[in-house]
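Residue 66 in full-length UniProt numbering sits at position 66 of the sequence shown, with consecutive numbering throughout. Ideal Cβ placement from N, Cα and C applies to all residues, glycine included. All figures in this text were calculated on a predicted structure; none of them were measured in a lab.
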Amino acid sequence: MRASMKATALAHPNIALVKYWGKRDDALILPHQSSLSLTLSPMSVTTTVEFGASADQVEINGHAAKGSERDRVLRVLEAVKAEAGGALGPARMVSRGDFPAAAGLASSAAGFAALAVAARAAAGLPADPQAASLLARLGSGSACRSIQGGFCEWRRGERDDGADSFAVQRFAEGHWPELRMVVAILNREEKAVKSRDGMKLTVETSPYYAAWAKDAEAEIPRAVELIQRKDLEGLGALSERNAWRMHATAFAADPPLSYMHPSTLGLIEHLREQRKKGTPVWFTLDAGPNPVLLTDAAHEVAAEALARACGAVDVVRCVPGGDAVLKSEHLF
Numbered sequence: 001m002r003a004s005m006k007a008t009a010l011a012h013p014n015i016a017l018v019k020y021w022g023k024r025d026d027a028l029i030l031p032h033q034s035s036l037s038l039t040l041s042p043m044s045v046t047t048t049v050e051f052g053a054s055a056d057q058v059e060i061n062g063h064a065a066k067g068s069e070r071d072r073v074l075r076v077l078e079a080v081k082a083e084a085g086g087a088l089g090p091a092r093m094v095s096r097g098d099f100p101a102a103a104g105l106a107s108s109a110a111g112f113a114a115l116a117v118a119a120r121a122a123a124g125l126p127a128d129p130q131a132a133s134l135l136a137r138l139g140s141g142s143a144c145r146s147i148q149g150g151f152c153e154w155r156r157g158e159r160d161d162g163a164d165s166f167a168v169q170r171f172a173e174g175h176w177p178e179l180r181m182v183v184a185i186l187n188r189e190e191k192a193v194k195s196r197d198g199m200k201l202t203v204e205t206s207p208y209y210a211a212w213a214k215d216a217e218a219e220i221p222r223a224v225e226l227i228q229r230k231d232l233e234g235l236g237a238l239s240e241r242n243a244w245r246m247h248a249t250a251f252a253a254d255p256p257l258s259y260m261h262p263s264t265l266g267l268i269e270h271l272r273e274q275r276k277k278g279t280p281v282w283f284t285l286d287a288g289p290n291p292v293l294l295t296d297a298a299h300e301v302a303a304e305a306l307a308r309a310c311g312a313v314d315v316v317r318c319v320p321g322g323d324a325v326l327k328s329e330h331l332f
């Protein structure tokens with residue numbers, strides 16, 4: 001067996017400051033609008049891929065993947081085989097994350113980014129961030145933003161085949177070293193409605209959806225300017241505004257869809273009071289109950305204390321994360 005037929009990669013999740021919510025093409029996972037995210041470290045997913053196995057095997061966090069979860073992984077692996085153009089045979093994939101899955105913390109983003117990088121390397125394909133981003137998108141839309149570190153923009157694209165819908169790095173992880181994201185884990189349980197199902201329901205039934213997509217697209221250049229200036233207050237306000245508007249579209253779906261728990265709202269309301277007292281801390285919230293607090297290095301301890309006071313069962317302090325990378329140690 002060629003040495004290149006087995007590879008392992010580590011990738012970090014990302015949190016979108018301008019959200020992705022809704023597909024214009026479900027099969028290719030093409031978004032209605034662009035989005036912009038920050039890669040988070042130290043949370044990560046590590047994935048090992050080996051071609052030439054006796055049969056396709058997919059293991060995620062110690063369990064054999066089934067149904068759509070398995071199908072999504074195999075779809076990415078089949079795309080790699082097609083690009084490599086060789087008889088690579090069945091594949092074995094083992095993936096492990098160090099933070100809760102399906103809890104609104106972008107575990108699938110990190111997982112499919114790691115899968116894309118590992119699978120391309122195992123197939124002998126050259127390192128290529130754009131190609132890896134396009135590949136990761138086939139498994140999970142937000143995964144295309146976890147191929148590179150720092151702030152990444154997933155460009156909506158215009159082509160029907162999705163060839164121009166991938167993420168590009170706008171600022172590397174070292175651009176804003178004082179920035180901090182504090183993950184407040186209020187609930188570790190898997191959410192009742194997965195993001196892809198929630199998006200579909202929202203796009204098809206929410207009367208607010210068209211306005212949301214237009215507004216979110218317009219926020220991208222504003223966010224980029226604020227990040228360039230390292231304007232924490234401005235970026236915090238924008239991230240909160242965008243998160244509220246995304247969740248508002250879901251609230252207006254039929255039937256209504258809410259990813260927030262009472263503790264989520266309690267923490268969010270508490271942040272407003274703390275800002276009045278001089279603590280610079282804002283929130284963003286993906287499709288789950290666990291807010292991510294945006295602050296700076298001087299106030300991350302205070303942000304953690306706020307989260308715990310509002311019921312967080314765990315808190316992870318994050319700094320801007322780096323690129324998905326290959327590792328020498330394999331999971332099997």
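Alpha-carbon spacing of residue i relative to residue j, whole angstroms
i	j	result
K6	G150	28 angstroms
L265	P90	46 angstroms
L306	F51	47 angstroms
D197	Y208	17 angstroms
V76	E83	11 angstroms
K81	Q148	23 angstroms
F99	S107	8 angstroms
W282	E240	7 angstroms
V316	V182	6 angstroms
G174	A55	42 angstroms
I60	V325	19 angstroms
R72	K276	45 angstroms
L186	P289	7 angstroms
Q274	L115	40 angstroms
A118	A9	5 angstroms
R188	A312	10 angstroms
R24	D160	10 angstroms
E329	T249	43 angstroms
R308	E269	14 angstroms
residue 334	R272	Residue 334 lies beyond the range of the chain shown here (1 to 332); nothing can be said about it.
V58	V319	31 angstroms
F251	N242	14 angstroms
D286	I15	7 angstroms
R245	P291	15 angstroms
Q228	H299	21 angstroms
M260	L267	11 angstroms
K19	S258	16 angstroms
L294	P255	31 angstroms
S195	G67	16 angstroms
M93	L138	16 angstroms
P221	D314	34 angstroms
Bridge partners - residue i, DSSP secondary structure assignment
i	result
D296	L179
M93	V49 and V58
P31	K23
residue 333	Outside the shown range of the chain (1 to 332) lies residue 333, about which nothing can therefore be said.
F283	L293
H63	I60
K6	E50
A11	V45
S37	A16 and C152
A325	First, the residue type needs correcting, since residue 325 is Val and not Ala in the sequence shown. Looking at the DSSP assignment, V325 forms a beta bridge with L10.
Presumed contact (8 angstroms Cβ cut-off) between residue i and residue j, rounded CB distance
i	j	result
C144	F166	6 angstroms
H32	A163	Not confirmed; about 18 angstroms, so no contact.
G111	S95	6 angstroms
R155	S37	Contact doesn't hold; Cβ gap of about 12 angstroms is too wide.
Under 8 angstroms between C-beta atoms of residue i and residue j
i	j	result
residue 334	T39	With the chain represented from 1 up to 332, any question about residue 334 goes unanswered, as that position is not in the structure.
M43	H63	no
E219	L238	yes
R180	D296	yes
G97	V45	yes
S146	A192	no
A79	L135	yes
G86	T202	no
S140	A184	no
L17	A210	no
A123	L74	no
T205	A127	no
D26	K200	yes
C152	Q169	yes
A302	T279	yes
Any non-hydrogen atom of the ligand NAD closer than 7 angstroms to residue i Cβ
i	result
E329	This structure simply doesn't include the ligand NAD, nor any ligand for that matter.
I'd like the ranges of any beta strand (DSSP E) spanning at least 3 consecutive residues and lying wholly in the stretch 179 to 238. 179 to 185
Could you tell me which uninterrupted alpha helix (DSSP H) segments, each at least 4 residues in length, are contained entirely in the stretch 297 to 323, listed from first to last along the chain? 300 to 309
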